[in-house]
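Just so we're aligned: 29 in my numbering is position 30 of the sequence shown, and the numbers increase by one with no gaps anywhere.
Report on one structure; see the data block that follows.
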Amino acid sequence: MRAVIALGANIGNPHENLDLAVALLKESTDVVAVSSYYITAPVGGPVQPDYVNAVCVIESDLPALDLLSLLQGIEKSMGR
Numbered sequence: 000m001r002a003v004i005a006l007g008a009n010i011g012n013p014h015e016n017l018d019l020a021v022a023l024l025k026e027s028t029d030v031v032a033v034s035s036y037y038i039t040a041p042v043g044g045p046v047q048p049d050y051v052n053a054v055c056v057i058e059s060d061l062p063a064l065d066l067l068s069l070l071q072g073i074e075k076s077m078g079r
């Protein structure tokens with residue numbers, strides 16, 4: 000299955016966090032492409048740092064729910 004994953008971070012070093020997220024994805028999926036990183040201002044809510052955002056395209060044999068579990072595990076391992 001091919002999937003497009005949106006990435007975003009604004010805590011700690013966001014660029015390093017996205018790099019780590021992509022590296023963790025590479026451990027369990029085939030990362031086909033990663034976009035450039037884009038800085039965006041937060042919308043609404045409390046005052047907070049800008050976000051660094053990107054998307055990546057992956058190929059995986061995992062069923063959709065297993066891929067979701069993998070992504071949630073990556074988030075959890077990174078402190079989300």
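Beta carbons: idealized from backbone N, C-alpha and C, even for Gly.
Contacting residues, own chain, Cβ-Cβ under 8 Å from residue i (five flanking each side not counted)
i     : result
GLU74 : none
Contact set for residue i: own chain, Cβ-Cβ below 7 Å, skip 5 residues either direction
i     : result
VAL30 : VAL21, LEU24, CYS55 and ILE57
ALA2  : ILE57, SER59 and LEU66
LEU69 : SER27 and LEU61
MET77 : ASN16, LEU19 and ALA20
ALA32 : CYS55 and VAL56
Proximity winner among the options, relative to residue i (alpha-carbon distances)
i     : options                       : result
ASP49 : LEU70, VAL3, ALA2 and ALA8    : ALA8
ASP18 : ARG79, GLY44, PRO41 and ALA53 : ALA53
ALA5  : GLY78, SER76 and GLN71        : GLN71
Cut-off 6 Å between Cβ atoms - residues of its own chain near residue i, not counting five sequence neighbours on either side
i     : result
TYR36 : VAL51 and ALA53
(message) Report the start-end ranges of each alpha helix (DSSP H) in the stretch 39 to 72 that is 4 residues or longer and not cut off at the edges.
(response) none
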